[in-house]
Every structure is written in structure tokens, then in C-alpha cells.
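Engineer:
In my numbering, the protein residues as written are 37 to 646.
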């Protein structure tokens, strides 16, 4: 008998397992919910047993900026938005809540703080720490001094974060809280990454995901490099967080198998509790999968796309994916920022690339994560700060188009008007380097900024279009820099599987394919690849049998992923030569900036006390 795609679990606290085994054959009645919490919104995605999306809704979440570089959110607000999105997806698409078998969560790599005595949120807003905002967003750059102190230790675990701990990671943020909170308040804090905080709210238990280790850091897998407990006691003592080592690191999540449980993606973390079920409008007892960072959910929802990379076949008859194929596929999950993820059977250490992390997605395999701190945010900034922004916006609205669609069409019209050979030719003498928010990968320098060669006094829409194109080109060339750095270190990336709204930008996708000289595959669900991946975590949790054993995640991805669209590199030798020349300039801009800063710092070093 052919095995079913999953096994309907019994629902603790609500209903018992079906007495009639034939109920398992009603696979078309079963649904799974993926909940994705991004920087600006919470989305609920409902899929059926075949992986087709049958419901989708979103709700904007609050974001506070009390100071420049500070970004805060509230788990209470986020949970309210999740509940609204789930209820809307259920009602608008006429889904019977009783058919929901599993739920998976993903969220940004942000730090959530709770009181370990009362389980209530703890404010992260200084100096009084009296707000309801208990989340320091990943984008928050407040712990500058703390990150520098951590990296000055040169501890061995820094090998597992690309050589330096990023200011965007959570340990620097925890250290900032210790340095600024009243001691009596900090001593009551327990620390979660956001996805774990949400699964904790949903289930009421303390099991956590290995992806929480990726977020917080300070952790080396047990058995690796002599690691005994995972968390590194000497490291935490060195940086001033020795109090977190007490009670076997309980406030960080504990020691796996001793006073904590760490699970790979989608493994059964628990069941939906009565309180959360009431707020979501769902039955209690639904299986909950171990949550992941949003970029990792994007990997799950992207790299399983069915496509033959060596042919033009893009249909459901494409050859079944083998898990080893994942080793050559880079997931580029593009949103406010872009994360670049690759899986490998063995650890690969890459300077400036986070990881390698073991067991986060599939047990026994390693994940590496490069990234660009700002891509969607960078494009938004470049467009909105240009003098022609209002004029371009008005024209775009008159065509019932968004600003990006309009600028793409305007560039194509400029090609025709100027009889240019390609769009790239228009920006041949405009050189933009766009690390306005620092550099995450591959040089891991938070002090990086932007630079422009070729700036003129042009205030027209044409000038805006060229500046916009140069920003797209920067994103593509930096992607090449990240891919080359990863491959030089030992990865074997030959294709890019991209997701997010930027996939709709045909100029950008074509630039990435041509700059990297490899195909770019776009999944069917461009906007929903991340929450589609989260829903697959719900399907994995729902497959749980005795002792929590679940189906292999790659098998679920293969079964539920859809055919993708393939974009090939340009075959125009002249355009390739132009992009190659622009890449050399890009690298010059990158590394010259560092040398210029060093030159000036040397000249003014005697002013350091001023």
C-alpha cells in the first residue's frame, strides 16, 4: 500500500484520533498553516495536502524607532496580527478550521525578552524600560560597542559565524540589555528568538528550535570542537554574560537533553494550547512544528522547486529532486534584506558568511547564510530620496503601476529612444556601491557605507532611472561576490533559487543571472515562498507518530513544491564583458573604501581623545 503524505495526529485537549482509518484517505480535506512574521507584516498561508496554497492573508505589525538605528516590536502586537491574519485566511477562503492538522512558524532573527518568573514580556526600551515593546529587531544596530567587545575575544566559536559576530545577531543585543537595564530587571529576563517565542505562545512549552541557536549564537554543536553542552561557558564569561551560564544556561534555553529540548525544523514541538486556539479561532491540539528564521523558511519554500536546470522543462513531470541537489542550490530570500543560504553535507567555513550551522533544517546537515543587510530597503531609499521621486510616482500612478514597474518600463523606453544595445549600457558610466547599512557578507564590516562615481546634477526621471538601475546592478554584483566567496571556500553553488517580491523585477533577476553566470529559478509562489515553507513545517509536525518521529523534510518539500520559472544568463558577449568590467570597479569601490578609512584614521589617531 502506498504510504500517505502524512498521518493525521490526535489532538491533545480537543478530539481523539479518528476511529475509522478511512478518514486518513480524505487528504483533500486536510490543511496546514504557515505563519510568517517579517519585518513589517504577519502572514498566514494555508496549503492543502498537495502543497497548493488555498488561503493567504496578512496584517501589518507595529515597528517603533525610539532613536536612530533602534528598531523595536512587541510580541503582543505581533500575536494579535497573527490571529487576525489566520482568522481572515480561514474565513475569506471558507476553510473548515477542523481540517487544520499542523502549523509552522517562521520569523525574523530578532530577540524577544520575557520574564522567566511571570512569562510576561519585558520592555527593551531604555532608559526606563517601561514600554510594551519586548522585541529588538534584527535590523537594530544599537550594540556597536558590545559587538566590538565580543569580536575582540577571537573565541573559537566565532569561526561558526564567519569570523565575526554581526551587530545584527542576538548575543550583542543581550549584552546591550545587561549594560543598560537595571540589574534586578535583567536578572529576571529569559531570551528567545522571535520564532521560538511564537511557538512558546502557541504551545505553552519551552522546547526550542536549533534555529534559535543560529539567532542568538554563542553555541557550538555538541561533539564539535570538543563542545560538551553547546553553549560556551568561557565565551559568555569573557564577554560579561557569565550569569547566563547558571542553571545550565536555562535563561538561554538550557542544555539539549538536560534541561532543554532543541529540535530541527518542523519536528513536533507541541500542540496548540487552549488559550492560543481560542485567539486564533482554531481547535486546540493541532500539531505545531519547530519554527525557523524567515530566511530558512524561504530556503524550504524555494530550493525544492521542480525544474530541470539543464533543459527548458518546467513542469510537474520534471525529475524528482534528490537531496544532494540542494548542495548546489543557493536560496536567495529577498525582502527588506536578502539572505543567501546553502546546505552542505560537511561544515564549510566561509569568512563573512554566518555558519556553518548543523541540524537547523535537516539533522546532520550544515547550513551557511550570507546576506545583504539592505536590498528592498536600499531600493526604497534610493528612489524616495531622489529629486524626481514625486514626479515618477505621479506618472506611475497614472499608469496604475507601482514605482518599480514604472522605472523598469522607463529604462526599456530609454533603450529604444537612445538606440542602446541593452539596459546595462545606459548605466555604463554610473558606479554605485550601496552598503548604506553596513556590510553583512562577505566582508562583515558594519562600518561600510555607500559611494558613487558618475554623479551629475541630473534631477530628471531619466536620472532617477539610471540611479535605480545602478542599485539593481549593485545588488546583482554583490550577490556574485557572495557566491564566489562561498564557492572559493568549498561550496559548489551552480544555481540560485530566488524568492520574494524582488523576483517580479525582471531586470534585477536577469542581472543576477548574468552577473553570477548561472540560472536563477523563481518559485511559483513568488510572494508566499517563505510562508509556504513555514506551512511545510506544519505538515512535517502533523506527520508525527509515536515518540515524535516525523517524515523527512526534504521528502515533504519534494512532494509539496511546485514547478519554478528559470531565468538564464545573458548570451550577449558584449553585455557580459560590460558586467565583468563593472564587477572589477565594484570590488575596487568595496576594498578602497576600507583602505581610505584606514588611511584617514591613521592621520587623525592623535585626535582620538577629542
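Every residue, glycine too, gets a C-beta built ideally from N, C-alpha and C.
Bear in mind the structure is a predicted one, so any value in this text is a computation, not a measurement.
Go ahead and pull the three-state DSSP assignment for residue 421.
Structural biologist: On the chain shown, residue 421 is found 385 positions in, with the first residue counted as 1. Residue state, collapsed to three classes: coil.
Engineer: When you compare only the Cα positions, how much space is there between residue 469 and residue 408?
Structural biologist: Along the chain shown, read from residue 1 onward, the residue named residue 469 stands at position 433. Along the chain shown, read from residue 1 onward, the residue named residue 408 stands at position 372. Between residue 469 and residue 408, the C-alpha separation is close to 12 Å.
Engineer: Quick check on the burial criterion: 16 or more other C-beta atoms within 10 angstroms. Buried or exposed for residue 488?
Structural biologist: For the purposes of this step, residue 488 is taken as residue 452 along the chain shown, with counting starting at 1. Under this definition residue 488 is an exposed residue.
Engineer: Just to confirm before moving on: does the CB-CB distance between residue 533 and residue 339 stay below 9 Å?
Structural biologist: Counted from its first residue, the chain shown places residue 533 at position 497. Counted from its first residue, the chain shown places residue 339 at position 303. Contact flag set, yes.
Engineer: Bridge partners of residue 96, per DSSP?
Structural biologist: Locating residue 96 in the chain shown gives position 60, counting from the first residue. Answer is 77.
Engineer: Taking 8 Å as the limit between beta carbons, can you name the residues of its chain near residue 234, skipping five residues before and five after?
Structural biologist: As a working note, residue 234 is residue 198 in the chain shown. If we look at residue 234 and ignore the five residues flanking it on each side, its Cβ neighbours are 71, 73, 111, 114, 115, 118, 141, 143, 327.
Engineer: Residues in the same chain with beta-carbon distance under 6 Å from residue 146, minus the five sequence neighbours each way, listed in chain order, please.
Structural biologist: If you number the chain shown from 1, residue 146 lands on position 110. Counting only Cβ-Cβ distances below 6 Å, and skipping sequence neighbours, we find 171, 173, 174, 230.
Engineer: How would you write the range of the beta strand (DSSP E) that residue 229 sits in, first residue to last?
Structural biologist: The residue you call residue 229 lines up with position 193 of the chain shown. Note, residue 229: beta strand (DSSP E), 225–229.
Engineer: By DSSP, does residue 266 sit in helix, in strand, or in coil?
Structural biologist: The residue given as residue 266 occupies position 230 in the chain shown. Correct three-state label for residue 266: coil.
Engineer: For residue 469, which beta-bridge partners are listed by DSSP?
Structural biologist: Here residue 469 refers to the residue found at position 433 when the chain shown is read from its first residue. Paired residues: 487.
Engineer: Just to confirm my understanding: we take residue 253, look at its own chain, exclude 5 residues before and 5 after, and list those with CB closer than 7 Å. What are they?
Structural biologist: Position 217 of the chain shown, counting from 1, holds the residue named residue 253. The residues are 197, 201, 205, 206, 207.
Engineer: Using CA atoms only, rank isn't needed, just tell me which of 547, 554, 311 is closest to residue 528.
Structural biologist: Residue mapping note: residue 528 aligns to position 492 of the chain shown, counting from 1. Selected option, being the one with the closest Cα: 554.
Engineer: Would you mind sorting residue 590 into buried or exposed? The rule is 16 or more other CB atoms within 10 Å of its CB.
Structural biologist: On the chain shown, position 554 is the one that residue 590 refers to. Buried.
Engineer: Find the nearest neighbour of residue 93 within the set 372, 123, 105, 549, judged by alpha-carbon distance.
Structural biologist: Locating residue 93 in the chain shown gives position 57, where the first residue counts as 1. Looking at the Cα atoms, 123 is the closest of the given residues.
Engineer: Classify residue 421: buried if its beta carbon has 16 or more other beta carbons within 10 angstroms, exposed otherwise.
Structural biologist: Indexing the chain shown from 1 puts residue 421 at position 385. The residue is exposed, with fewer than 16 neighbouring Cβ atoms inside 10 Å.
Engineer: Flag this pair as touching only if the region 495–515 and the region 455–470 have three or more C-beta atom pairs under 8 Å; answer yes or no.
Structural biologist: yes
Engineer: Does the separation of the CB atoms of residue 177 and residue 473 fall below 9 Å?
Structural biologist: Indexing the chain shown from 1 puts residue 177 at position 141. Indexing the chain shown from 1 puts residue 473 at position 437. Yes, Cβ-Cβ distance for residue 177 and residue 473 is below 9 Å.
Engineer: State the DSSP-derived secondary structure class of residue 563, mapped to helix, strand or coil.
Structural biologist: Looking up residue 563 in the chain shown gives position 527. If DSSP states are grouped into helix, strand and coil, residue 563 belongs with coil.
Engineer: Drop a sphere of 10 angstroms on the beta-carbon of residue 212, count the other beta-carbons inside from all chains shown, and report buried for 16 or more, exposed for fewer.
Structural biologist: By one-based count along the chain shown, residue 212 stands at place 176. So residue 212 ends up on the buried side.
Engineer: Quick check on the DSSP output: the beta strand (DSSP E) that includes residue 151 runs from which residue to which?
Structural biologist: The sequence position of residue 151 within the chain shown is 115, counting from 1. It spans 147–151 - the beta strand (DSSP E) in which residue 151 sits, taken as one unbroken run.
Engineer: Tell me, to the nearest whole angstrom, how far the beta carbon of residue 450 is from that of residue 382; I am working on the premise that it is less than 8 Å.
Structural biologist: Residue numbering aside, residue 450 sits at position 414 when the chain shown is read from its first letter. Residue numbering aside, residue 382 sits at position 346 when the chain shown is read from its first letter. That pair is no contact at about 48 Å.
Engineer: Given a threshold of 16 other Cβ atoms within 10 Å of its Cβ, counted over all protein chains shown, does residue 491 qualify as buried or as exposed?
Structural biologist: The count along the chain shown starts at 1 and reaches residue 491 at position 455. It is exposed - the Cβ of residue 491 has fewer than 16 other Cβ atoms within 10 Å.
Engineer: Sorted by chain position, which residues of the same chain lie with C-beta nearer than 6 Å to residue 475's C-beta, five sequence neighbours on each side aside?
Structural biologist: Within the chain shown, numbered from 1, the residue matching residue 475 stands at position 439. Closer than 6 Å at the Cβ level, and outside the excluded window around residue 475, lie 481, 484.
Engineer: In whole angstroms, what is the alpha-carbon distance linking residue 517 and residue 542?
Structural biologist: In the chain shown, residue 517 corresponds to position 481, counting from 1. In the chain shown, residue 542 corresponds to position 506, counting from 1. If you take the alpha carbons of residue 517 and residue 542, they lie about 21 Å apart.
Engineer: In whole angstroms, what separates the C-alpha of residue 303 from that of residue 576?
Structural biologist: Residue mapping note: residue 303 aligns to position 267 of the chain shown, counting from 1. Residue mapping note: residue 576 aligns to position 540 of the chain shown, counting from 1. Taking the straight line from one Cα to the other gives about 7 Å.
Engineer: Is the region 599–606 touching the region 359–371 in the sense that three or more CB pairs, one from each, lie closer than 8 Å?
Structural biologist: Because the criterion of three Cβ pairs below 8 Å is not met, the region 359–371 and the region 599–606 do not touch.
Engineer: Any chance the region 555–562 sits against the region 386–400, with 3 or more Cβ pairs inside 8 Å?
Structural biologist: no
Engineer: Compute the beta-carbon to beta-carbon distance between residue 424 and residue 439, rounded to the nearest angstrom, for a pair I have assumed lies under 8 Å.
Structural biologist: Position 388 of the chain shown, counting from 1, holds the residue named residue 424. Position 403 of the chain shown, counting from 1, holds the residue named residue 439. About 11 Å separates the two Cβ atoms, so there is no contact after all.
Engineer: Could you tell me if residue 314 is buried or exposed, where buried requires 16 or more neighbouring beta carbons within 10 angstroms of its beta carbon?
Structural biologist: In the chain shown, the residue the question calls residue 314 occupies position 278. Exposed, because fewer than 16 other Cβ atoms sit within 10 Å of the Cβ of residue 314.
Engineer: So is residue 593 buried or exposed if we call it buried at 16+ other beta carbons inside 10 Å?
Structural biologist: Counting from 1 along the chain shown, the entry for residue 593 is found at position 557. So residue 593 ends up on the buried side.
Engineer: Would you kindly work out how many angstroms separate the C-alpha atoms of residue 130 and residue 82, rounded to a whole number?
Structural biologist: Working through the chain shown from its first residue, we reach residue 130 at position 94. Working through the chain shown from its first residue, we reach residue 82 at position 46. If you take the alpha carbons of residue 130 and residue 82, they lie about 11 Å apart.
Engineer: If you compare alpha carbons, which of 384, 414, 479, 306 is closest to residue 581?
Structural biologist: As a working mapping, residue 581 is identified with position 545 in the chain shown. Of 384, 414, 479, 306, the residue nearest in Cα terms is 306.
Engineer: Output yes or no for whether 9 Å exceeds the beta carbon distance between residue 522 and residue 376.
Structural biologist: The count along the chain shown starts at 1 and reaches residue 522 at position 486. The count along the chain shown starts at 1 and reaches residue 376 at position 340. Closer than 9 Å, so yes.
Engineer: Quick check on residue 374: does DSSP put it in helix, strand or coil?
Structural biologist: As a position in the chain shown, residue 374 is number 338, starting the count at 1. Strand, per DSSP.
Engineer: Rounded to a whole number of angstroms, what is the C-alpha to C-alpha distance between residue 98 and residue 630?
Structural biologist: Start at 1 with the first residue of the chain shown, and residue 98 comes out as number 62. Start at 1 with the first residue of the chain shown, and residue 630 comes out as number 594. Answer to the nearest angstrom: the Cα atoms are 36 Å apart.
Engineer: By Cβ distance, which residues of its chain are closer than 6 Å to residue 251, with the 5 residues on each side in sequence left out?
Structural biologist: For the purposes of this step, residue 251 is taken as the residue at position 215 of the chain shown. Hits under 6 Å: 145, 206, 229.
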